Amino acid sequence: MWGFMAKFYSISIVNNYVFILHLDKKNDVLIVLESFEIEISELALFVKDKKNLYISVAQAFEFSENIKVPIAIAKSNNVKNYLFYKIKEANPNIDILFNFKKLPKQNDEENITYSVEVVDEKVCIASLDFVKDLSSIKSATTNKFALLSLANKCIDDDQYICVYTNATIVLILAVEQKELIFSRTISIDTSNPQTLQMNIAENITQTLSYIGNQFRDVKFKTLALSGSIALDDVVSQHIAMLNNLNISILYPNSFVQNINAEESQSQLLPLGASLVAKSNQFLPKIILGVRQFNFVSAISLVLSLVVLLVMCYFSLNAYNKYSDLANKNKVLESRYLNLLSQTKMLSQKELTKYINHIVMVKKYLQNTPIDTVLLVKPLIEMDKPIGFECKNEDGVISFKAIFEKHFKELKNLYKFEKEFNKRFEEINNIVKIEKKITTDYKQLIFKADVHTLKSSDILKTRRRRQ
Amino acid sequence: MVKIAFIIINIVLAIFLYFSTIWFEEEDFQIEKLNEKYIKNTRKLKNISKIDSWLHENVKKNLKELPKDSKVADLKLIKFFDTYAKKYNLKVQKFIYKDDLAHFLMIKYVISRKSYKVLNKFLKQEYKGGYVLLKNFKIDKSTLSGDLILIQPFLSHIIKKKEIVDVVPQ
Numbered sequence: 001m002w003g004f005m006a007k008f009y010s011i012s013i014v015n016n017y018v019f020i021l022h023l024d025k026k027n028d029v030l031i032v033l034e035s036f037e038i039e040i041s042e043l044a045l046f047v048k049d050k051k052n053l054y055i056s057v058a059q060a061f062e063f064s065e066n067i068k069v070p071i072a073i074a075k076s077n078n079v080k081n082y083l084f085y086k087i088k089e090a091n092p093n094i095d096i097l098f099n100f101k102k103l104p105k106q107n108d109e110e111n112i113t114y115s116v117e118v119v120d121e122k123v124c125i126a127s128l129d130f131v132k133d134l135s136s137i138k139s140a141t142t143n144k145f146a147l148l149s150l151a152n153k154c155i156d157d158d159q160y161i162c163v164y165t166n167a168t169i170v171l172i173l174a175v176e177q178k179e180l181i182f183s184r185t186i187s188i189d190t191s192n193p194q195t196l197q198m199n200i201a202e203n204i205t206q207t208l209s210y211i212g213n214q215f216r217d218v219k220f221k222t223l224a225l226s227g228s229i230a231l232d233d234v235v236s237q238h239i240a241m242l243n244n245l246n247i248s249i250l251y252p253n254s255f256v257q258n259i260n261a262e263e264s265q266s267q268l269l270p271l272g273a274s275l276v277a278k279s280n281q282f283l284p285k286i287i288l289g290v291r292q293f294n295f296v297s298a299i300s301l302v303l304s305l306v307v308l309l310v311m312c313y314f315s316l317n318a319y320n321k322y323s324d325l326a327n328k329n330k331v332l333e334s335r336y337l338n339l340l341s342q343t344k345m346l347s348q349k350e351l352t353k354y355i356n357h358i359v360m361v362k363k364y365l366q367n368t369p370i371d372t373v374l375l376v377k378p379l380i381e382m383d384k385p386i387g388f389e390c391k392n393e394d395g396v397i398s399f400k401a402i403f404e405k406h407f408k409e410l411k412n413l414y415k416f417e418k419e420f421n422k423r424f425e426e427i428n429n430i431v432k433i434e435k436k437i438t439t440d441y442k443q444l445i446f447k448a449d450v451h452t453l454k455s456s457d458i459l460k461t462r463r464r465r466q
Numbered sequence: 001m002v003k004i005a006f007i008i009i010n011i012v013l014a015i016f017l018y019f020s021t022i023w024f025e026e027e028d029f030q031i032e033k034l035n036e037k038y039i040k041n042t043r044k045l046k047n048i049s050k051i052d053s054w055l056h057e058n059v060k061k062n063l064k065e066l067p068k069d070s071k072v073a074d075l076k077l078i079k080f081f082d083t084y085a086k087k088y089n090l091k092v093q094k095f096i097y098k099d100d101l102a103h104f105l106m107i108k109y110v111i112s113r114k115s116y117k118v119l120n121k122f123l124k125q126e127y128k129g130g131y132v133l134l135k136n137f138k139i140d141k142s143t144l145s146g147d148l149i150l151i152q153p154f155l156s157h158i159i160k161k162k163e164i165v166d167v168v169p170q
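From first to last, the protein sequence lines are chains A and B.
The first sequence: position 454 = 454 (this note's numbering), numbered continuously.
The second sequence: position 144 = 144 (this note's numbering), numbered continuously.
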């Protein structure tokens, strides 16, 4: 129920007195850090700036009612809406807050009976007006539910009656299977202090008798006394004499530390207020609204922080990139300006002279017959040609070379011819040229004509070599 | 209210950072463009330097000796012909003709292969301030013959843009 929580304050208002416990919780054990009893006029100042408040109050307008809901209405939300409609129908002029429980025993096959506890929302808000920051209220309920929560924690029996007294207030609960089936709050007349104890005992006895008559089918075995009555032997004995119930005292020593028996009886309601389940709370819509607002604003804050962090990340990346580029820009600019100042610029006139000369050289001197001679140099090195003709026609060069060599031995002719053909093929791999070999083997004379296929091939070859 | 204030501050900061990121990106784009321009221009300047030194090494010395007058150019060609006409059996094949860049004189030559000295000199013959272009040649058993063109470059101020692109080293 507590979940993760810091130390907290549990506050119960009974008449004009406020009982306050400052509590901590460790391993399902409540540790009382401080306890206070103050007047209600001091409460607003006390709770100022304090967080985590568990509050129970005696509501001026509260009532219990059993309402039958048709069995066809099954869903919890639909049941709640139906009950709201029924309560509102009976109390059209008040804003209601209610909680509901299915009664343990059902006698009707067509309907389900719910026990409904109703408070006036406006009165409830008014009773909490001592708290300025509504978001600090973690739980708000009535005193009877605070007592019920504590009693359920202390008593193992399924059916029991619990009586709590404080000064002139008597609170009586009848419980079946841990659910409240009856409650009554009695304010004792204090006009005659001498008869106060007897009045209390009488009222309790009458109520017990009423409960016994009203709930005949419920076998109550235990009567738990709590509050000032637990410390008053006279009243206790009087009640015990008139009832067959086992009398016991509510003493939460098993799960509360740092509080003595006497003090615990005066602080039972704040202890119970800290134990109230959600289904037994009465939280006005305004508190739920504040909670929702706080929840949404907390989520929004986290989201906005996440967005901010993401944007910081992207912005930082963008800045780093910008910074790198700006530095690079400075380096490039300085390199450019430095080079610009060092580079000699020719005038247009001077540049024209250079260009014209280059164009002229390219146009007239690019293709020379010497290139062609160099092309067939490997063959010329073997034997000087007896005839060589070279033409430059519009920059494209063609040639024709005639080779003729006399031999004394066929072997040498054979070797020469092999070598000639090999070198020719090597040249032919670069430029397509043609050869015509007309060797006279009878006279041992090597004869060959080598010439270009087409003049354009020479041009292609030259480009490749360049 | 503190939470709301923080949320508003966070959102305002996030919006500011968003726009600053966009601003940085836009600036990056501009700087990148500028950097590309600097790199391109720097490369151009390096090329200009390279071209300048190439021109200085390969072309400048040739330009010093070029005639500025058309008549001087013609006379230089005629002088060369007269000087070597007997030695290399020169005959005018096509008299002086010109274009925007140079003056030309086409000459026919016939040299005996027996006179090795003359042949050797002819092959090494230079034309000071111009060029000798062997248009064609024919070697047979006794002679080396063919046409040559004397090229006399001439200082011209006419530029042909298309040709510039072809000849300047890139």
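By construction, the Cβ of each residue, glycine as well, lies at the ideal position given by its N, Cα and C atoms.
Please read all numbers here as calculations on a predicted model, not as lab measurements.
Per DSSP, the beta bridge partners of D440(A) are I445(A).
Assignment of alpha helix (DSSP H) within the segment 389-444 of chain A, counting only whole runs of 4 or more residues, yields 410-430 in chain order. Under the three-state reduction of DSSP output, F282(A) falls in the coil class, being neither helix nor strand. Nearest to Y127(B) by C-alpha distance, out of N62(B), H56(B) and L55(B), is N62(B). Straight across, the Cα-Cα distance linking I112(A) with F100(A) is about 12 Å.
In this structure the segment 117-130 of chain A does not lie against the segment 256-264 of chain A, because fewer than three pairs of beta carbons, one per stretch, are closer than 8 Å. Between the C-alpha atoms of N58(B) and I48(B) there is a straight-line separation of about 15 Å. Nearest CB-CB separation between Y109(B) and chain A: not below the 7 Å threshold. Closest by C-alpha distance to E109(A), out of P70(A), A261(A), A151(A) and A146(A), is P70(A). Judged by DSSP secondary structure, G212(A) falls within the alpha helix (DSSP H) whose first and last residues are L196 to Q214. By the Cβ-count criterion, K436(A) is exposed, with fewer than 16 other Cβ atoms from all chains shown falling within 10 Å of its own Cβ.
Between N246(A) and K221(A), the CB-CB gap stays under 7 Å. Taking K33(B) as reference, the option from D440(A), E263(A), Y322(A) and P369(A) with the minimal CA-CA separation is Y322(A). D99(B) is the residue among D99(B), K86(B) and L55(B) whose C-alpha sits nearest the C-alpha of D74(B). Nearest C-alpha to V92(B) among I78(B), H103(B) and L101(B): I78(B). Counting only the Cα atoms, V132(B) lies some 8 Å from Q125(B). Considered as a whole, the segment 89-130 of chain A harbours 121-127 as its complete alpha helix (DSSP H) runs of no fewer than 4 residues, in chain order. With respect to the 7 Å criterion, L180(A) and C162(A) are not classified as neighbours on the basis of their beta carbons.
The beta-carbon of K138(B) is placed less than 7 Å from the nearest beta-carbon of chain A. C-alpha of Y82(A) to C-alpha of K144(A): approximately 25 Å in a straight line.
Your pair S12(A) and A273(A) checks out as a contact, with CB atoms roughly 5 Å apart and the cut at 8 Å. Going by DSSP, R113(B) is part of no alpha helix (DSSP H) at all; its letter is neither H nor E. Using a C-beta cut-off of 8 Å, the segment 261-269 of chain A makes no contact with the segment 205-223 of chain A, since fewer than three inter-stretch Cβ pairs fall below that distance.
If you compare the alpha carbons of L17(B), L134(B) and P67(B) with that of V396(A), the shortest gap goes to L134(B). Residues of the segment 401-433 of chain A that bring their beta carbon within less than 7 Å of a beta carbon in chain B are absent altogether.
Residue pairing by DSSP puts F182(A) in a beta bridge opposite A174(A). For E389(A), the chain B residues whose C-beta falls within less than 9 Å of its own C-beta are N136, F137, K138, I139, D140 and G146, listed in chain order.
Around E426(A), the same chain offers P378 as residues with beta carbons nearer than 8 Å, after the five sequence neighbours per side are excluded. Per DSSP, E42(A) lies in no beta strand (DSSP E) segment and is marked neither H nor E. Here the alpha carbons of I433(A) and T439(A) stand approximately 19 Å from one another. Taking the beta carbon of L77(B) as reference, no residue of chain A falls within 7 Å; the closest one sits roughly 14 Å away. Taking a Cβ-Cβ threshold of 7 Å, the residues of chain A close to P153(B) are H357 and M360, in chain order. Close partners of S112(B) in chain A (Cβ separation under 8 Å) are lacking, with about 15 Å as the shortest Cβ gap.
For N15(A), the closest of I186(A), N107(A), D133(A) and K405(A) by C-alpha to C-alpha distance is I186(A). Straight through space, the alpha carbons of L171(A) and R184(A) are spaced by roughly 6 Å. When secondary structure is reduced to three states using DSSP, G227(A) falls in the strand class.
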